[in-house]
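Residue numbers (the numbering used here): 14 to 247. The beta-carbon is built from N, C-alpha and C at its ideal position, and this holds for glycine as well. Input: a single structure, listed below in structure tokens.
Right under this line is the structure:
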């Protein structure tokens with residue numbers, strides 16, 4: 014058996030909030046419906062839509078009048094899922110202010126019909142994600158507005174994490190840690206070498222390599238032995 018429970022609420026936003034609360038409590042998505050009046054809708058069409066949604070025949074006319082005036086109806090088909098679904102729906106409705114529809118039936122039992130679904134996930138195929146009611150957030154804007162700062166920035170790339178382009182290294186070191194100048198052969202200004210302070214000759218030579226340590230390129234040892242000490246192969 015399925016228990017159909019209906020209530021009237023003052024505004025559409027309140028009704029959608031109640032519907033979200035019911036889904037959060039475990040009521041399936043397909044079991045909760047929010048009915049409002051469409052602009053220019055014929056009263057007969059509204060009455061037929063309420064009756065088709067499950068509103069009891071004794072309450073259809075009273076519901077149609079108040080929905081046409083701007084209120085909203087929430088219709089829930091409470092089954093065995095979750096356990097105690099009807100009790101959860103009643104407690105949620107009773108915790109909020111509902112409109113009086115008069116002496117009408119707002120809770121009735123209907124016989125369950127067979128449902129040969131092609132998939133076990135027909136109720137909620139994306140069971141790891143929560144559905145977003147796009148109709149509710151159309152007027153409220155992006156979710157990021159409720160968090161405060163923007164999630165996307167249009168600013169240009171900055172070279173410093175501090176405002177104004179300053180560098181934290183300047184607090185304890187007078188010189189920049191990164192230099193954009195061209196590569197230099199010496200860490201000293203003017204191209205000097207620290208080795209000159211304790212050694213008169215250069216530690217790194219830039220001249221062409223020589224095959225002999227004797228000026229002029231003489232090779233007395235190899236000539237005395239009769240063979241070349243250095244062989245150049247192609």
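Query                                                                                          : Result
Alpha-carbon to alpha-carbon, residue 80 and residue 86                                        : 7 Å
C-beta contact flag for residue 111 and residue 22 at 8 Å                                      : yes
Closest Cα partner of residue 36 within the set 54, 68, 90, 83                                 : 90
Where the beta strand (DSSP E) containing residue 86 begins and where it ends                  : 85-91
N- and C-terminal bounds of the alpha helix (DSSP H) containing residue 52                     : Looking at the DSSP string, residue 52 is not in any alpha helix (DSSP H), and its letter there is neither H nor E.
DSSP three-state assignment for residue 185, whether helix, strand or coil                     : coil
Closest residue to residue 53 among 208, 66, 83, 42 (Cα-Cα distance)                           : 83
Reduced DSSP category for residue 165 - H, G, I as helix; E, B as strand; rest coil            : coil
Buried/exposed call for residue 76, threshold 16 Cβ in 10 Å                                    : buried
Through-space distance from residue 88 to residue 48, alpha-carbon basis                       : 8 Å
C-alpha distance - residue 95 paired with residue 167, whole-angstrom precision                : 46 Å
Integer Cβ distance of residue 114 from residue 72, believed to fall under 8 Å                 : 6 Å
Start-to-end residues for the beta strand (DSSP E) that takes in residue 22                    : 15-22
For residue 120: DSSP bridge partner residues                                                  : 18
Reduced DSSP secondary structure (H/G/I, E/B, other) of residue 96                             : coil
Residues sharing a beta bridge with residue 46, DSSP                                           : 88
Rounded distance between the beta-carbons of residue 101 and residue 40, thought under 8 Å     : 7 Å
Nearest candidate by alpha-carbon position, reference residue 118, set 78, 124, 210, 68        : 68
Residue closest to residue 43, alpha-carbon to alpha-carbon, out of 51, 50, 33                 : 33
DSSP state of residue 234 mapped onto helix, strand, coil                                      : helix
Supposed close pair residue 99, residue 18 - CB separation, criterion 8 Å                      : 7 Å
Given residue 25 as reference, the closest of 208, 64, 50, 70 once Cα atoms are compared       : 50
Closest Cα partner of residue 57 within the set 70, 66, 74                                     : 74
Same chain, Cβ closer than 8 Å to residue 122, five either side skipped, listed in chain order : 14, 15, 16, 17
Cβ neighbour criterion (16 or more within 10 Å) applied to residue 20                          : buried
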